[in-house]
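Take the position in the sequence shown, starting the count at 1, then add 290; the result is the number in this note's numbering. C-beta atoms are modelled at their ideal positions from N, C-alpha and C, and glycine is treated no differently. Below is one structure, written out as structure tokens; the observations come after it.
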Amino acid sequence: MENEEMKPNYWPSVIQAAIIVAVVTTVVGLGLVYYVAGSEPSMGVMMISGLTIPITCLIGLIGGILATRSYAKAFDITFPIGTGAQIGLFTGIIAAVVGGIIGQIWNLVDPTLMERFADTMIGAFEMNDQI
């Protein structure tokens, strides 16, 4: 026990990065959903809705980078790649949970959003004879 090194706590960095990423991905996702829901049905709308998930996932990847960088800079340390992966995993899990909670709260704010989104997407599919 005496030889064990005390590692600084990485949870503040994880939580901070997770909240930032959750808010940013939720705002970007909602922005794209509102854009699609307010548009006329078309192939362009289908392409934009298809980009929603990859764009928000790419933004979500930044969470792990933010958390590991914040942790390393705060304590001026280096750590093994496994610790960085663990920090990134925890950041992603917390960001997903927080983003889900924000999304559910937003469903209370605008309960018709997903219905309008679905109607636009159904209209886009019906207009396209190739599908």
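Mind checking whether residue i and residue j have CB atoms under 7 Å apart?
i, j, result
"Ser303", "Ser339", "no"
"Val318", "Val326", "no"
"Met404", "Pro331", "no"
"Gly353", "Ala385", "yes"
"Ala307", "Leu356", "yes"
Apart from the five residues just before and just after residue i, which ones in its own chain have a Cβ nearer than 8 Å to its Cβ?
i, result
"Glu292", "Annotation note: pLDDT 46 at Glu292 (below 50); position unreliable, coordinate value reported separately. Within the same chain, Glu292 has no close Cβ partners at all."
Taking DSSP as the reference, what is the three-state secondary structure of residue i?
i, result
"Phe369", "coil"
"Thr402", "coil"
"Ile363", "Note that residue 363 is Lys in the sequence shown here, rather than Ile. If DSSP states are grouped into helix, strand and coil, Lys363 belongs with the helices."
Would you mind reading off the limits of the alpha helix (DSSP H) that contains residue i?
i, result
"Tyr324", "301-327"
"Asp419", "Neither: Asp419 is in no alpha helix (DSSP H) and is coded neither H nor E."
Within the same chain, show all residues whose beta-carbon is closer than 7 Å to that of residue i, passing over the 5 residues directly before and after it, in chain order.
i, result
"Ala364", "Ser303"
"Gly393", "Thr316"
For residue i, which residues of its own chain have a beta-carbon under 6 Å away from its beta-carbon, when the five flanking residues on both sides are left out?
i, result
"Thr315", "Thr346, Ile349, Gly350, Gly389"
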